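The working numbering puts the first residue of the sequence shown at 2, with every later residue one more than the last.
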Amino acid sequence: TRDEVGDLGKAFNRMAASLAQVEQLRKNMVADVAHELRTPLTNLRGYLEALNDQILPPSAEILRILQEESLHLMRLVDDLQQLARADAANIIIHRTPVVPAEELKRMLGLYQQQFSDKAITVTMDLHSTARIMADRDKLLQTLRNLFENCWKYTPDGGQVRLTTTDDGHELTVAFHNSGPGIAVEDIPFIFERFFRVDRSRSRKDGGFGIGLSIVKQLIEAQGGRVGAESTAKITTVWFVLPLLH
């Protein structure tokens, strides 16, 4: 019907569809965590049993493999710990005056070598050097995760552009990187935990799908918001925080 009952029915259907999507993401997250733990643990167990049964002789190569698997586990645990801290970010916020444009320049210096190794060209259009009231540590963690995201997903020889703009009330920091675009239907979910656009991508290449979720938690805890948009060749991830008045 085209009356209030019909509107209520449509709203209920939208809510049901949204709940179904959330439930599917939860199931995916549990499956992904189990997979991430099972694979390196299975490899570790196999090599250790072979060494213990003297099927394989100890060697530098085997020790390297065991070390890589243990580091893989440590990275996952560290990312999960970061996510837990981000969940609690709104409990402890230490706000101080911060200039995001300056922090971007410093952070780029830390990542310059990694971008150079992939021949990625990085440009900065810092149109706003305004100050904001923010938790500097949490802002730096946000920038670090976004730099990591650009470095991982920009192809060799690609381009990354960093921009800052403000409208007198809010400041927007945006990361634009070249590469295959993100489908429109996937955009609303890229900030969800463990969501990956390409689920076949190796975690060694694409990470665990936690970085953008941490960004969302940290920015929203400070009264800001995040978003993303994508075309066939450029993907943009941005966040907005209130200016200091």
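Idealized CB from N, CA, C, for every residue including glycine. All values derive from a computational prediction rather than experimental measurement.
Asked, Found
"Whose CA, out of His177, Leu105 and Val238, lies closest to the CA of Lys217?", "Val238"
"By a C-beta neighbour count over all protein chains shown, 10 Å radius and 16 as the cutoff for buried, is Met108 buried or exposed?", "buried"
"For Glu149, collect the residues of the same chain with a Cβ closer than 7 angstroms to its Cβ; drop the 5 residues on either side in sequence, then sort them by chain order.", "Gly212"
"Nearest to Leu172 by alpha carbon, out of Ser60, Ser129 and Leu105?", "Ser129"
"Of the choices Trp152, Asp118 and Leu67, whose alpha-carbon is the least far from that of Leu45?", "Leu67"
"Hey, how far is the Cα of Phe13 from the Cα of Arg3?", "15 angstroms"
"On the three-state DSSP scale, how would you describe Phe176?", "strand"
"Threshold first: 3 residues or longer. Then list the beta strand (DSSP E) segments lying entirely within the region 94-152, N to C.", "97-99, 122-127 and 133-135"
"I'd like to know whether the C-beta atoms of Leu245 and Arg145 end up nearer to each other than 8 angstroms.", "no"
"Report the start-end ranges of each alpha helix (DSSP H) in the region 5-82 that is 4 residues or longer and not cut off at the edges.", "5-53"
"On the CB-based measure, 16 or more other CB atoms within 10 Å of its CB, does His170 come out buried or exposed?", "exposed"
"Where do the N-terminal and C-terminal ends of the alpha helix (DSSP H) with Thr216 fall, by residue?", "Checking the sequence shown, residue 216 turns out to be Val, not Thr. Val216 -> alpha helix (DSSP H) spans Gly212 to Glu221."
"Which of the three DSSP states, helix, strand or coil, is assigned to Glu230?", "strand"
"Going by the beta-carbon positions, is the gap between Leu52 and Glu104 smaller than 8 angstroms?", "no"
"Near Thr102, which residues of its chain fall below 6 angstroms by C-beta distance, leaving aside the five closest residues on each side in sequence?", "The residue you asked about is not Thr; residue 102 is Ala in the sequence shown. Same-chain partners within the cutoff: Leu127, Thr130 and Thr165."
"What is the rounded straight-line gap between the Cα of Ser19 and the Cα of His95?", "34 angstroms"
"Buried or exposed: where does Glu186 fall if 16 or more other Cβ atoms within 10 Å of its Cβ makes it buried?", "exposed"
"Within its chain, find whatever has a CB closer than 7 angstroms to the CB of Arg137; leave out the 5 residues flanking it on each side and keep chain order.", "Thr97 and Val99"
"Would DSSP call Glu186 helix, strand or coil?", "helix"
"Look at the alpha carbon of Lys11 and the alpha carbon of Glu70, and state the distance between them as a whole number of angstroms.", "49 angstroms"
"My understanding is that Val161 touches Phe116, with C-beta atoms under 8 angstroms, so please give their C-beta distance in whole angstroms.", "7 angstroms"
"Quick test of your reading: Thr232 and Gly182, contact by CB under 8 angstroms. State the CB separation rounded to the nearest angstrom.", "5 angstroms"
"Going straight from the alpha carbon of Ile63 to that of Met134, what length do you get?", "50 angstroms"
"In terms of residues, what are the limits of the beta strand (DSSP E) holding Asp167?", "Gln160 to Asp167"
"Is it right to say Gly225 is buried, meaning 16 or more other beta carbons lie within 10 angstroms of its own, or is it exposed?", "buried"
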